[in-house]
Amino acid sequence: MASKYLTGTGSESKQLATWYFTFAAILFGAQLLFGLVAATQYVMPGFLYGILDFSIARIIHINALVVWMVFAMFGSVYWLLPDETGIETVGIKIGKLLFWIFAAAIVVVVLVFLFIQVGKADATTIWFITEGREYIEAPRWADWGIVVVALGFVGNLFLTGMKGKQTGIVTVLMADMIAFAGLYLAGMFFTDNISVDQYWWWWVIHLWVEATWEVFVGAIAAYGLIKMLGAHRQVVEMWLWIEVAMLFGSGILGLGHHYFWIGTPEYWWEIGALFSALEPLPLVAMFVHVLYDWGKTQGSEEEKGNTNSVINNKPAFTWFVLNAFGNFLGAGVWGFFHTLPQINLYTHGTQFTSAHGHLAFFGAYATILIGMFYIAVQGTNGIKVMKHTRASIWATSMITGGMMGMTVALTIAGYVQVIVSRAQMGATWAGYFDGQSGMWFQQAMDWRLIMGLVIFTGFIILAKDLLTTGKNPVHER
Ligand code: HEM
Ligand code: HEM
Ligand SMILES: [Fe+2]
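As C-alpha cells, then:
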C-alpha cells in the first residue's frame, strides 16, 4: 500500500473522489425523499395529485438510485487508483471537468422530469424529455453526455493503470469498466417492437447489475479488506479472480430469467432457470471471502497477543460486512426465490419483485458504497483508526433495520398478490384489483411507508456523522 497517499489530502484523484461521493450522497437523499412521496401515494392516492405524479416520483426515485451509485462507483475508483497504482491518476483535470458536466446534466434531466410530467409524445420527446425505459429514462441528449463522461473516466482509468503498478484489483476494474460503459449503449437505440426493445433493455439492466456491478463490488471489497484489515493481497486477489469467473459464468446467461415472458423463444426458460439458479453461488463465495479474511486477521493478531482489534475503520468495515450479508440475502436468496419460471409465472411483477429489488440494490451496492464514503472521510481527515460513534451506530441500525422491515412488508404484499391475483383469480383484471384491496396488502403498504421514514431518519444521522467526523475527538489520529 502506497502509504504516502493514505491521508488523501495530497492526491488530486482523491479530491475528485470526494466530489463524486458528495454528489452521490445528495442524490441518495433525493432518492429516499422521492421514494417516500411514492410510498405515501400508495397509502393516500390524492397526495400531491396534479403536482407530482406517482409516475414521476417513481422515475426520479429509481433513476436517482442508479445515478448516485454510478457516481459513488466512479468516486471509489478515483479514490483507490493512487493507492493501487502508486501514482497520481492521469488526466485528472479532464476528470474534474467531466464531473461538472455529469452533475449539471443530471440536475437538468431531473428539472425537466419535474416540469414536464405529462404531455404528447413524439420523436423529439426521446431526445429532450425521456426515453421511457425504466431505470434509464434520461433523454437521449443526456445519454450521449453520459457516454462522453464514461469514456473520459474509462480513459483515465486505463492510462493510469498502464502507467502505474498493475495490481489484480486494477486489472479487474479496467476490464469491468469497459463492459460497464459498453453495455450502456444497448439502452440507447429505439425499436418499435416492444419485445425487441425489452430484449436489449435487459442487457443494460441485468448485465449491468448482475455482472459488471457485482464484479466491481468484488474489486472494491478486495481493496477494502487489504486497506482496513491488512489482509494478504495474494489471498484476496485469488478470491477476486474466482469470484469474477463465477459472476460472469452465471450472470451472463442468467439474463434469461428476464426473457421468460417478453416474447423471446421458449428455450430461454431452460437457460434462464439453470444459469440464474447458479447466480447465488458467487455471492456465497463473496460472503465467505469477507468473513474468512476477517477471521484470519483476527486469529493471527490474537496469536501475537494483540487483543485490540486490527480494523482501522470500524464504520466502513461494518458496512462491508453488511454488504457480504446483504448481497447474499437480497440478490442471492430473494433473487433465487422467484428465478425459476414455474414460480416466476406467479410472482412476476408483483411486490415480491419490489422486495427483491430493494434488498438487492441496498444489500449489494448501497452498503459497500456507504463503506467507501467512510473510507474517504477517514482519508480526507487523516484519521489512523476510525471508531464507531453513537451516530454511526444509529445510522447503520436504522438504515439496515428499516430496509429489512421494508423487505418483509413488501414480501407479504407480494404473497397476497400471488395468492389472490394470480393463483385464485387467474391473473384477471378483477384479480389485479382484488389482490391490492385486501387488508394484508394495505397494511403492508403502511409498514413500507413507516420503514421508509426510519430509513430516511437513519440517512440524516449518517449524513451528520460523515460531516462531523473531521471534528470528532474519538478517532485516533
Ligand atoms: C445485486 C444484484 C441484483 C440486483 C441489484 C437485482 C435487482 C433487481 C430488480 C430491481 C428487479 C426488478 C426489475 C424490474 O423493474 O422489472 C429484479 C428482477 C429480478 N431479479 Fe434481480 N437483482 C439482482 C440479482 C438477482 C439474482 C442473483 C437473481 C436470481 C438468483 C435475481 C432474480 C431476479 C428475477 C427472477 C427478477 C424478475 C422478477 C419478475 O419477474 O418480476 N436477481 N432484480
Ligand atoms: C425511504 C425509503 C424508500 C421508500 C419509501 C421507497 C419506496 C419505493 C416505492 C413506492 C417504489 C415504487 C414501487 C412500485 O412501483 O410499485 C419503489 C421502487 C423501487 N425502489 Fe424504493 N424506496 C425506498 C428506498 C429505496 C432504496 C434504499 C433502494 C435501493 C438501494 C430502493 C430501490 C428501489 C427499486 C430498485 C425500485 C423499483 C422496484 C421494482 O420495480 O421492482 N428504494 N421504492
Ligand atoms: Fe436479473
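Numbering-wise, our numbering comes out as the position in the sequence shown, counting from 1, plus 2. We put the beta carbon where it would ideally sit given N, CA and C, even for glycine.
Sorted by chain position, which residues of the same chain lie with C-beta nearer than 7 angstroms to residue i's C-beta, five sequence neighbours on each side aside?
i	result
I108	V69
K466	A393
M71	Y367 and L371
Q33	H63, A66, L67 and W70
T391	D467, N474 and V476
A362	G332, A333, W336 and G337
R450	A41, M408, A411 and L412
Q353	L412, A415, G416 and Q419
Going straight from the alpha carbon of residue i to that of residue j, what length do you get?
i	j	result
M179	V156	6 angstroms
V172	A432	54 angstroms
W215	G428	37 angstroms
I421	T398	35 angstroms
N329	Y137	20 angstroms
W210	F218	10 angstroms
V45	S13	49 angstroms
A152	V79	13 angstroms
A26	V238	28 angstroms
F339	S278	11 angstroms
V206	A183	10 angstroms
H234	I148	37 angstroms
P284	I395	29 angstroms
G359	E268	25 angstroms
L185	G166	27 angstroms
A411	A446	5 angstroms
T193	L455	40 angstroms
I28	W243	34 angstroms
M408	G351	17 angstroms
L464	F262	40 angstroms
Q43	T126	30 angstroms
W204	G472	42 angstroms
I222	V418	38 angstroms
G373	W202	32 angstroms
G440	F101	48 angstroms
M176	W442	48 angstroms
S483	E245	Missing from the structure shown is residue 483; the chain here goes from 3 to 479 and no further.
F435	W241	48 angstroms
So for residue i, helix, strand or coil by DSSP?
i	result
V387	strand
E216	helix
E239	helix
T309	Here T309 scores only 48 on pLDDT, less than 50, and its place in the model is too uncertain to base an answer on.
E86	helix
E478	strand
E136	coil
L209	helix
D145	helix
S13	coil
P2	There is no way to answer for residue 2, as the model of the chain reaches only from 3 to 479.
M190	coil
T471	helix
N346	helix
T341	coil
N158	helix
G365	helix
V72	helix
K122	coil
L38	helix
Q168	coil
H358	helix
Using the DSSP secondary-structure output, state which residues sit across from residue i in a beta bridge.
i	result
V315	The residue asked about is misnamed: residue 315 is Asn in this sequence, not Val. Looking at the DSSP assignment, N315 forms a beta bridge with M388.
Grab me the residues of residue i's own chain with a C-beta within less than 6 angstroms of its C-beta, minus the 5 sequence neighbours each way, in chain order.
i	result
T162	L83, T87, T91 and V92
A140	V111
I96	G154
A4	Interpretation of A4 is limited by its pLDDT of 37, a score under 50 that renders its predicted location unreliable; the figure taken from the coordinates is listed afterwards. Closer than 6 angstroms at Cβ, skipping near neighbours: D85 and G88.
Please work out which residues of its chain come closer than 8 angstroms, Cβ to Cβ, to residue i, disregarding the five sequence neighbours upstream and downstream, and give them in chain order.
i	result
A378	G10, K16, A19, T20, F23, G77 and W81
I254	L209, A213 and F277
F327	F289 and G365
W321	T369, I370, I372, G373, Y376 and T398
Could you check if residue i belongs to the surroundings of ligand 4, using beta carbon to heavy atom distance under 7 angstroms?
i	result
H360	Ligands present in the displayed structure are limited to ligand 1, ligand 2 and ligand 3, and ligand 4 is not among them.
Secondary structure, alpha helix (DSSP H): runs of 4+ residues fully inside the stretch 386-467: Complete alpha helix (DSSP H) runs here, min 4: 392-418 and 431-439.
Segments assigned alpha helix (DSSP H), at least 4 residues, entirely inside the stretch 250-281: 269-280
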